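Asks: Provided herewith is a single structure, encoded as structure tokens, for subsequent inquiry.
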Amino acid sequence: MLAATAALTAAISAVMLPINWDGQQASTAAPKIDRLLDVMIVLSAFVFSLVMVMLVYALWKFKAKPGDESDGEPIHGNTRLEIAWTLIPTIIVLFAGGYSWKVLDEIEEPAPNPLKVQVFSQQFAWSFGYPGKGEAWSEGELHVPVGRQVHFKMHALDVIHSFWVPEWRIKKDNVPGITTTAIVTPNKVGTYQLVCTELCGFGHATMRAEVVVEPPAEFRKWVASLRQRVPAPLMESVVGDTETDPIPLGSGGA
Ligand SMILES: [Cu+2]
């Protein structure tokens, strides 16, 4: 039974692992999250295989003989089996939780001199504010410098939206009334797409924005070229929202 479980785990993993789920890796978090995903795929494949192999074995082994109309045996539990099916999932869940915690701790490690960008989401558009740059405002286009940590301060003006740039691997909900934070260090120059990944209404599928990661000098030039300032109603959510800045795990917060 163990051999069959191992073989099925290997077969599923062989199909799932080579798939490039989220495109190229364009942030410092990407390799860590991809490794975590790979480990989770193998773990899930193992659990799935174990359950399937035991199910098929039980179907075959304990099948009623033709013509057997008698009741099944009265069974009063099996201590060894119960300990096993409690202990194994507990170990798997604790391992997965601990490993995820470690990865989250690493990818949210604050770097000196981060760039702060306000993200405004509303049905069905994104816009961005650069508070350190005279409240410069950009609609539908997000620029960030390469190689510098960015703290995205996120505001939802109507319903819950979710900020996702697949190549960065970072995804965070934007919630009305509170300010959420996503920490990303983009490390690859290029043009990507910001996708809303929380079903937010009829226009959800079109709720996208262009993301440009560029050298710092070009980024400064672009911000300087912005003519609009963040509109007053949007600034209200910056000031009025409850800040939920996560205390970095590494500094003792939970
Ligand atoms: Cu949305």
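All residue numbers for the sequence shown refer to our numbering, where the first residue is -18 and numbers rise by one. The beta carbon of each residue, even a glycine, is placed where N, CA and C say it ideally should be. For clarity, every value in this text was computed on a predicted model and none was experimentally measured.
(1) With distances taken from CA atoms, which of Asp15, Asp49 and Leu(-17) is nearest Glu148?
(2) Locate the beta strand (DSSP E) running through Glu97, then write down its first and last residues.
(3) So does Glu179 have its beta carbon nearer than 7 Å to some heavy atom of ligand 1?
(4) In terms of alpha-carbon separation, which member of Met188, Val170 and Arg210 lies closest to Gln5?
(5) At what residues does the beta strand (DSSP E) containing Arg189 begin and finish?
(6) CA-CA distance, Thr162 and Ser(-6)?
(7) Ser102: beta carbon under 7 Å from a heavy atom of ligand 1?
(8) Is it the case that the CB of Phe144 approaches a heavy atom of ligand 1 more closely than 7 Å?
(9) Using alpha carbons as the reference points, say which of Gly182, Lys46, Val192 and Phe200 lies closest to Trp145.
(10) For the alpha helix (DSSP H) holding Phe29, just list the boundary residues, first then last.
(11) Does ligand 3 have even one heavy atom less than 7 Å from the beta-carbon of Met188?
(12) Buried or exposed: which applies to Leu(-17), given that a residue is buried once 16 or more other Cβ atoms fall within 10 Å of its Cβ?
(13) Report the rounded CA-to-CA distance for Ala65 versus Asn155, giving the unit in angstroms.
(14) Among residues of its own chain, excluding the 5 on either side of Met188, which ones have a beta-carbon nearer than 6 Å to its beta-carbon?
(15) Do you know how far the Cα of Gly58 is from the Cα of Trp2?
Replies: On the basis of the data shown:
(1) Of all alpha-carbon atoms in Asp15, Asp49 and Leu(-17), the one lying nearest the alpha-carbon of Glu148 is that of Asp15.
(2) Sequence check: residue 97 is Lys here, not Glu. Segment Leu96 to Gln103, the beta strand (DSSP E) holding Lys97.
(3) yes
(4) Val170
(5) Its beta strand (DSSP E) spans residues Arg189 to Glu195.
(6) 34 Å
(7) yes
(8) no
(9) Of the candidates Gly182, Lys46, Val192 and Phe200, Val192 places its Cα closest to the Cα of Trp145.
(10) Ala11 to Lys42
(11) Within the structure as shown, ligand 3 is missing, the only ligands being ligand 1.
(12) exposed
(13) 41 Å
(14) Phe105 and Cys177
(15) 42 Å
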